[in-house]
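J.: Questions regarding the structure given below will be posed in turn.
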């Protein structure tokens, strides 16, 4: 028994099955986490190796190159990059998206173990770790204070961080700019020399008097006691009273006689301020797989409680909370889905004019969408932008099958059949074609799940969700819809009046007099125009293809731009400023304060400015991940929401750029949108490959100068830092060996005097604070001071550094970047009021041809532009695959090669609509919009299938060709318009939305609306006309063969016709 018959004969069971499905779906829905995007870990594996004392050039030669050569055989390797800085090498392997990162990490570890023996002595073992999205911060908070500022580090460690660590799903908590407490012992070199002391001797004395030592056990009476000598410092002032030596005259010399002891916060190297106040930044990351929104809300709630326990001058302020952006984006999409649902219902009601029929079809929507939540739960996914966008795409298509079934059932009822019989017979007529059109959609969306790269990760869930929803709607259309029709739709009623049988449905209602009358006029006008087109097929075909050619002109002429991923106005700007290399932190702070004041004055839309100036890295290991130095300023600027201001975030960024250009001390600046999306930034990267720094720097500066002249180029800068001044201490090994000294010993002595010698801790309330012994600043601020350092020798004597060393001043690169085993410098460019593709084309045609490239040097475009080209290429291949699959499905349905070819003529006209829609709205075609073009292939051919299928049916019933075409066109006009308008109006909220994150999915809405609008209108003409032209040719060929057969038999066709008469 057919499934639709079973459903109609068992209405209770049918109804309860779908009720159960909805209950399960809602149960899954409440358990789904909420996030911005599907969980995706970028395919990066990092290898860090330290080599203390080595310069960036030595690191490149002795470490980075060796590691690169060893790691080139790693499976799924796309690019290998390395950064060499003083003391440390970082090699980054970019793998193909979708590969098994855990397996890749194990593979990399194996290669690192083999390379370990080739590294120089003194290198650490390479450390391997993968990049995870869970390491990215989900929220940041600023903690400001006045008189309590010096104690902020203790407040954070004792009260804030322990409470936050108890939150479920919390990952890493890090603090930037905390005022670390230090005890500095600043020694006077002259006094050391006067008393015959060395810094190391003083440090050892301070350390030796700050110990807890076990001194054995003693037995007293019946008890055994453990003895300990306790001499730890209780207060830092105790250090002043330590005796360090006794002079020959018997004078006692104390620490206070040769040094100044300061109990203070760590010397300023990183300054954090929020709206001009001293601040500490708290950065929160979540555990992988945890609910971003829930973790952010829990952190916010916990900090609100902690705030009540803080001193009155301590304020906790939110800098950035990804939960706000996610909630706003999700809410905006939810509104779009709800409006789409409303529009679809109104379209159905408009065309059908019957509440019962509208309710039957409308039930398809919630059931189909709720089933998607079951899939999301089973796939361990989340409610995110992509999943909601998928539902918005599907919402206009889920009613198509139900419309086809219900419209046919209604037609049978109008012929006089009772609703039960009509539901069975009508569903039997169309259920095969309904499944066939669904298979077409499956042929479109399932290949999306097979894409690789970042696009594949993003669109995998979209493909499966739409496929699940559309398949569910098909099941509903051939089970629940006919069952409800058999119960809710009413048979035609008659009554006898004056001896005549009167049809009750013939009575005209308001709907009949207005809407139906209008639709009848549309039917008549279409029938008339279609008749003209069928009589003038050649003119019609030429005109349609001329329109197609003309519609391509905006794209050919460059009027439609291309982007990778649309940038979103999420009310956050990142400003980066670089001053002259070597600028002291104090001067950097002055510029930072001046910029803060000017920005607040020029941009009243600013709610908060969080500023970091300088760097808190000392040993160079952490600096490998950092781009900040003493001469850099980083600002995170939070604006009010975009619906609360008149200026866009791009206009505000331009105002900031114009202000920063007025400061002569600023050599580079950027004002970029803080990206929250998977596409990262939106830049054209110009990569320059070559060995010689001078040549590549010169090429980079030429490119920067020429690119800045382009009207759409902003934030043009090179990622290569200027050379920095360095002092090279050259050891005379012969002289040093005569004094029993080695280079390693001399290096250690120098570090002690300049950076300080750690000699223990001051313990207080469970916390430990470093005690650092060093020379006072006046003894270490010039080269002559360095050469005057006193160095102890193994013989007990002290000598001046100048006796065994000389000094060489030079400039050296602070870091060396390599890509694909070549040195590289990258110039980054951000588009402004132009598209990424237009900017890249301008660079290729107006900038790069003017650059001289010596032999062995090359230039290529990369960054977001490279990602765009790669994604577009993959979507193009996917589109070709989908076209083939759709053709195969249609050819199987019609058992014909020519009929699907006729329907495929609708696809080019969808492209016409896409180009015209993008051109008229000024929106660029990005990866999401390109996806819309691919999806249109499946959407637009459905209308052609409906027309061709009905034309075939009319011909089978004995109608001649033109009559069958005209009857089919007029009969199928309303169903075609209804299904098209449900999809088009379902996309309107997405296309016109102004909510947060709307920039991302707006191109998809515009592409589908434009493509479907034009293709639907032209399908109503191009398919019938081409069908008529191809079918007539087929009939002529058939008649020709018959003629030839009769001639061969020496019989005239006319004679046969006469005999038949």
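In our numbering, the protein residues as written are 560 to 1620. A virtual CB, placed ideally from N, CA and C, is assigned to each residue, including glycine. Since the structure is predicted, the reported quantities are computational estimates derived from the model, not experimental observations.
When you compare only the Cα positions, how much space is there between residue 825 and residue 1338?
T.: 19 Å
J.: Let me know if residue 978 comes out buried or exposed under the rule of 16 or more other beta-carbons within 10 Å of its beta-carbon.
T.: buried
J.: If you pair each beta-carbon of the stretch 1269–1283 with each one of the stretch 1401–1412, do three or more pairs fall below 8 Å?
T.: The stretch 1269–1283, when compared against the stretch 1401–1412, does touch it at the 8 Å Cβ threshold.
J.: Could you work out which residue in 840, 1290, 758 and 1002 is closest to residue 1313 when comparing CA atoms only?
T.: 758
J.: My parser needs the alpha helix (DSSP H) runs of 4 or more residues fully inside the stretch 697–753; what are they?
T.: You should have 711–714, 720–723 and 748–753.
J.: How far does the beta strand (DSSP E) with residue 1287 in it reach, from first residue to last?
T.: Unbroken beta strand (DSSP E) run through residue 1287: 1283–1290.
J.: Which residue from 770, 953, 1584 and 1287 puts its Cα closest to that of residue 1524?
T.: 1584
J.: Which two residues bound the contiguous beta strand (DSSP E) that contains residue 533?
T.: For residue 533 there is no data in the structure shown, the boundaries of the chain being 560 and 1620.
J.: Does the beta-carbon distance from residue 1480 to residue 1539 come in below 7 Å?
T.: no
J.: Tell me the rounded alpha-carbon separation between residue 838 and residue 1169.
T.: 9 Å
J.: Rounding to the nearest angstrom, what Cα-Cα distance links residue 689 and residue 625 in this structure?
T.: Going by the C-alpha atoms only, they are around 20 Å apart.
J.: Quick check on residue 1199: buried or exposed, where buried means 16 or more other Cβ atoms within 10 Å of its Cβ?
T.: exposed
J.: Could you please give the first and the last residue of the uninterrupted beta strand (DSSP E) stretch that includes residue 1166?
T.: 1165–1173
J.: Tell me, please, which residues DSSP counts as bridged to residue 1025.
T.: Beta-bridge pairing links residue 1025 to no other residue.
J.: Going straight from the alpha carbon of residue 1141 to that of residue 1173, what length do you get?
T.: 11 Å
J.: Please classify residue 568: does DSSP put it in a helix, a strand, or coil?
T.: helix
J.: Taking residue 658 as the reference, give the member of 642, 640, 672 and 633 with the closest Cα.
T.: With distances taken between CA atoms, residue 658 lies nearest to 633 out of 642, 640, 672 and 633.
J.: What are the boundary residues of the beta strand (DSSP E) that residue 1191 is part of?
T.: For residue 1191, the enclosing beta strand (DSSP E) begins and ends at 1191–1198.
J.: Any idea which residues DSSP pairs residue 642 with across the strands?
T.: 649 and 1376
J.: State the beta-bridge partners of residue 782 as determined by DSSP.
T.: Paired residue(s): 779.
J.: Taking the straight line between their C-alpha atoms, what separation do you get for residue 1113 and residue 1097?
T.: 26 Å
J.: Just verifying my parser: in three-state terms, what is the DSSP assignment at residue 790?
T.: coil
J.: Examine the Cβ distances between the stretch 1543–1563 and the stretch 937–957 and report whether three or more of them are shorter than 8 Å.
T.: yes
J.: Taking one C-beta from the stretch 1493–1505 and one from the stretch 1432–1442 each time, how about it: are there three or more such pairs within less than 8 Å?
T.: yes
J.: Identify whether residue 1037 lies in helix, strand or coil by the three-state DSSP scheme.
T.: Residue state, collapsed to three classes: coil.
J.: To the nearest angstrom, how far is it from the Cα of residue 1248 to the Cα of residue 1408?
T.: 16 Å
J.: Give the DSSP bridge partners of residue 1229, in chain order.
T.: 1135
J.: Out of 600, 1417 and 1520, which has the shortest C-alpha to C-alpha gap to residue 1017?
T.: The residue among 600, 1417 and 1520 with its C-alpha nearest the C-alpha of residue 1017 is 600.
J.: So what's residue 1392 in DSSP terms, helix, strand or just coil?
T.: coil
J.: Taking the alpha-carbon positions, what's the residue 888 to residue 945 distance?
T.: 11 Å
J.: Could you round the C-beta distance between residue 1394 and residue 1121 to whole angstroms and report it? I think they count as a contact, below 8 Å.
T.: With 8 Å as the limit, residue 1394 and residue 1121 qualify as a contact, their Cβ atoms being about 6 Å apart.
J.: DSSP three-state call for residue 1364: helix, strand or coil?
T.: strand
J.: Use the C-beta contact count for residue 1131: other C-beta atoms within 10 angstroms, 16 or more gives buried, fewer gives exposed.
T.: buried
J.: Residues in its own chain within less than 8 Å of residue 1123 by CB, not counting five upstream and five downstream?
T.: 1238, 1241, 1395, 1423, 1424, 1426, 1427, 1430, 1485 and 1486
J.: Helix, strand or coil: how does DSSP classify residue 1327 here?
T.: strand
J.: Please state whether the Cβ-Cβ distance between residue 1376 and residue 1266 is less than 7 Å.
T.: no
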